[in-house]
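Structure record follows, encoded as structure tokens.
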Amino acid sequence: MKTISLKKMALLLILAVYAIPVQSQVSTKQIDSVVNYAMSKFNVAGCAVAIVKDGKIIHESGYGVKSVATKQPVNPSTNFAIASNSKAFTTVALAMLVEEGKLNWDDKVKTHIPEFTMYNEYVEANFNIIDLVTHRSGLGLGAGDLMFFPKGSNFTMDDLLASFQHFKPESAFRTKWDYDNLLYVVAGELIARKSGMTWEAFINSRIFDPLGMDNSYASVTEITDTSNLSASHSTETGTMRIIPTFEGMINGAAGGIFSNVHDMSAWMLLQLHAGKYGEGLKKQLFTKDNHNEMWKIHTVMDANTNPRYNSHFAGYGLGWFLTDIKGNMQVSHTGGLPGMLSKVVMIPDMDLGVVVLTNTSNDGAGLFSAITQTIIDMYLEMDDFQWVDKYVAYMKSEQSGVDAVVERVWDSVAKNDQSKINTSKYVGMYEDVWFGKMEVFMKDKQLWIKSYRSPLLSGPLQFYKDETFAIKWEYQEMDADAFAMFTLDENGIANGFTMKGISPNIDFSFDFQDLDLKRLD
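Residue numbers (the numbering used here): 193 to 713.
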């Protein structure tokens with residue numbers, strides 16, 4: 193057998209090293225160019241972008257303004273609501289409690305929260321902690337979110353824990369992915385009960401403080417100095433306007449955190465280093481085993497069929513969407529609240545993370561998608577797919593179709609003779625088993641409806657057709673106008689009604705379709 197000289201072996205090793213393709217580095221100038229172009233195309237007041245690569249922050253910058261009223265520029269420390277990107281903080285908190293021996297992932301929820309209910313005995317008895325955070329409950333998309341959207345309702349944790357028994361499942365338990373916020377709120381309650389502190393206190397003291405996320409807040413109510421807090425903006429009515437900041441749910445476990453791209457960079461670095469942080473990565477917030485648990489598919493989803501990325505799998509882990517793109521694992525999540533949108537994307541194989549925070553509904557979604565995908569493509573050394581232009585065209589086309597549907601409804605309402613409606617047969621008090629009372633009454637000669645537990649859901653009932661009315665809510669921060677469809681008894685008196693959104697693009701958190709209101713009087 194021939195031997196290879198040490199000199200020749202050294203040469204081969206050098207050649208092997210140089211044969212490995214070096215991942216391209218994306219310059220700040222390139223990133224600024226991408227973001228500025230996106231800002232010029234989308235109707236967004238402001239955004240912030242940060243990129244971490246190979247263990248370092250290589251870019252962080254603000255673009256546009258914090259508020260269209262003050263015109264103050266966004267900077268890397270400007271706080272935005274990260275919304276559902278809070279969910280991964282909740283799963284890390286659970287992982288930390290698991291490591292402390294206070295929980296096990298497969299513990300039954302009722303073991304720790306006896307009041308917890310579900311839609312049948314088997315599911316209720318077998319519902320475990322992982323089921324809380326993996327969107328596989330069998331409940332429909334956004335079930336029960338109407339308790340908290342719009343803001344200002346008075347639902348309590350007791351109400352929430354009792355509500356799940358009243359929802360009808362849309363799929364078999366643990367067979368289908370359907371996004372659920374309320375179960376994350378239950379996870380937040382579980383964290384509070386097992387840690388002896390509120391979810392907010394846990395996030396602040398056990399995650400933010402160690403990571404040096406000094407300008408992040410588990411709740412907007414904790415922000416005493418609002419000078420660098422972005423305003424929330426909406427383009428729902430066609431023009432840019434400031435809307436009130438969303439004040440959260442019972443706890444922030446589903447979407448309560450306010451942060452900035454500088455602090456979120458520390459969060460991405462923690463994730464990319466499997467729970468390790470600090471100088472020399474000598475400190476550890478959670479173990480590699482729990483990191484793997486959080487980045488493991490628990491609920492299978494359909495993979496993206498776009499041949500551009502050659503994806504083979506997709507699913508949901510614990511607070512993260514997981515897929516593969518061009519042979520690399522991708523870990524991501526988005527977040528959305530009225531006037532605030534966020535996106536985090538990480539490619540662990542490339543030690544790469546990108547975060548985009550925005551302060552405007554609806555175009556913010558197109559903006560964060562176009563920016564993140566363009567930057568990821570640049571690191572993958574792919575061709576320029578002109579994501580900004582494609583998303584602009586897609587969103588305009590989609591909005592045009594939605595606007596046409598909504599306009600036809602209100603055109604029909606305007607043409608109807610409201611004076612011929614026998615309003616007396618609809619007037620009365622109605623109640624849904626989980627949402628509570630809604631009253632139909634006369635106000636200034638106009639049929640009107642209001643919710644007793646969610647005061648912002650109040651507005652005129654205007655005849656559409658048959659026994660169906662269109663409601664123009666006084667709440668107009670998001671497009672949540674709805675139909676009310678009455679049923680009549682044998683005497684022609686309304687004995688109940690159901691509801692659904694008018695816009696095909698209504699946010700899923702306005703789950704009017706889950707209501708079944710019955711007359712009380």
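Virtual Cβ for every residue (Gly too), placed ideally from N, Cα, C.
Predicted model, so just to flag it, every value in this text is computed and none were measured.
So, is residue i buried or exposed, given that buried needs 16 or more other C-beta atoms within 10 angstroms?
i    : result
Q565 : buried
N271 : buried
F577 : exposed
D455 : buried
A261 : exposed
G693 : buried
D406 : exposed
S355 : buried
Y788 : This structure does not reach residue 788, given that the chain is present from 193 up to 713, and the question cannot be answered.
N228 : exposed
A230 : buried
T326 : buried
L712 : exposed
A585 : exposed
G634 : A small correction: the amino acid at residue 634 is Met; Gly does not occupy that position in the sequence shown. It counts as exposed.
S439 : Note that residue 439 is Glu in the sequence shown, not Ser. Exposed is the call here.
P499 : exposed
S408 : buried
G221 : Residue identity differs from the one stated: residue 221 is Lys in this sequence, not Gly. Its Cβ having fewer than 16 others within 10 Å, K221 is exposed.
In chain order, what residues of the same chain have a beta carbon less than 6 Å from the beta carbon of residue i, not counting five sequence neighbours either side?
i    : result
D298 : N320
N496 : S503
T552 : V236, A237, H425
G344 : P647, L648
I274 : I449, S451, G527, S534
Counting along the chain, where does the beta strand (DSSP E) carrying residue i start and finish?
i    : result
L653 : 650 to 657
F700 : Looking at the DSSP string, F700 is not in any beta strand (DSSP E), and its letter there is neither H nor E.
E631 : 628 to 635
N373 : First-last for N373: undefined, no H or E at that position.
Y314 : Run containing Y314: none in the beta strand (DSSP E); it sits in the alpha helix (DSSP H), 313 to 318.
M691 : 686 to 693
D624 : 620 to 624
S503 : Premise fails: S503 is in no beta strand (DSSP E) and is neither H nor E.
N520 : 520 to 529
State the Cα-Cα distance for the pair residue i and residue j, rounded to the nearest angstrom.
i    : j    : result
M201 : D543 : Here M201 scores only 33 on pLDDT, less than 50, and its place in the model should not be relied on; the value that follows carries that caveat. Spanning the two alpha carbons is a distance of roughly 30 Å.
G247 : W579 : 27 Å
D624 : S457 : 44 Å
Q705 : G334 : 11 Å
A672 : G531 : 14 Å
A364 : V492 : 14 Å
K617 : P647 : 24 Å
D717 : T615 : With the chain covering 193 to 713 only, the question about residue 717 has no answer from this structure.
D337 : D703 : 7 Å
F234 : D581 : 10 Å
G330 : N346 : 26 Å
P265 : V244 : 23 Å
K468 : F400 : 14 Å
L324 : K612 : 50 Å
G256 : P436 : 19 Å
Y371 : D494 : 14 Å
S419 : N267 : 12 Å
Y501 : G507 : 16 Å
S701 : D350 : 20 Å
M486 : G470 : 21 Å
V301 : V226 : 46 Å
L375 : W512 : 15 Å
E313 : L353 : 15 Å
What residue does the alpha helix (DSSP H) around residue i start on, and which one ends it?
i    : result
A562 : 555 to 571
D581 : 579 to 607
W391 : 391 to 394
S222 : The amino acid at residue 222 is misidentified as Ser; the sequence shows Gln. From DSSP, the alpha helix (DSSP H) with Q222 extends over 220 to 233.
I321 : 321 to 324
H465 : Looking at the DSSP string, H465 is not in any alpha helix (DSSP H), and its letter there is neither H nor E.
I want to check one thing, is the minimum distance from the CB of residue i to the heavy atoms of the ligand GTP below 7 Å?
i    : result
F560 : Of the ligands one can find in the structure shown there are none, so the ligand GTP has no counterpart to examine.
I'd like the list of long-range same chain contacts for residue i, defined as Cβ closer than 8 Å, with 5 residues on each side in sequence excluded.
i    : result
I322 : W297, D298, H490, L510
Y210 : Since pLDDT at Y210 reaches only 34, below the 50 mark, its modelled position is unreliable, and no value is offered.
D658 : none
V290 : N296, W297, N482
V619 : V632, F633, M634, L639
K710 : Y622, E623, D624, N687, G688
Does residue i have its Cβ less than 8 Å from a Cβ in chain B?
i    : result
M630 : Any reference to chain B falls outside this structure, which holds one protein chain only.
Leaving out five residues on either side along the sequence, give the residues of the same chain with a beta carbon under 7 Å from the beta carbon of residue i.
i    : result
V453 : A240, V241, A242, E252, P268, V547, L549
TODO: Answer yes if the segment 417 to 429 comes into contact with the segment 343 to 361, meaning at least three C-beta pairs across the two stretches below 8 Å, and no otherwise.
DONE: With contact defined as three or more Cβ pairs closer than 8 Å, the segment 343 to 361 and the segment 417 to 429 are not in contact.
Open item on the list: I want to know whether the segment 269 to 285 touches the segment 441 to 450 - three or more CB-CB distances under 8 Å.
Closed with: yes
Open item on the list: Within 8 Å, do at least three Cβ pairs link the segment 691 to 711 to the segment 586 to 594?
Closed with: yes
Task: Contact the segment 676 to 684 vs the segment 302 to 314: 3+ CB pairs below 8 Å - done: no
Open item on the list: Three Cβ pairs or more, each shorter than 8 Å: is that satisfied between the segment 279 to 293 and the segment 374 to 384?
Closed with: yes
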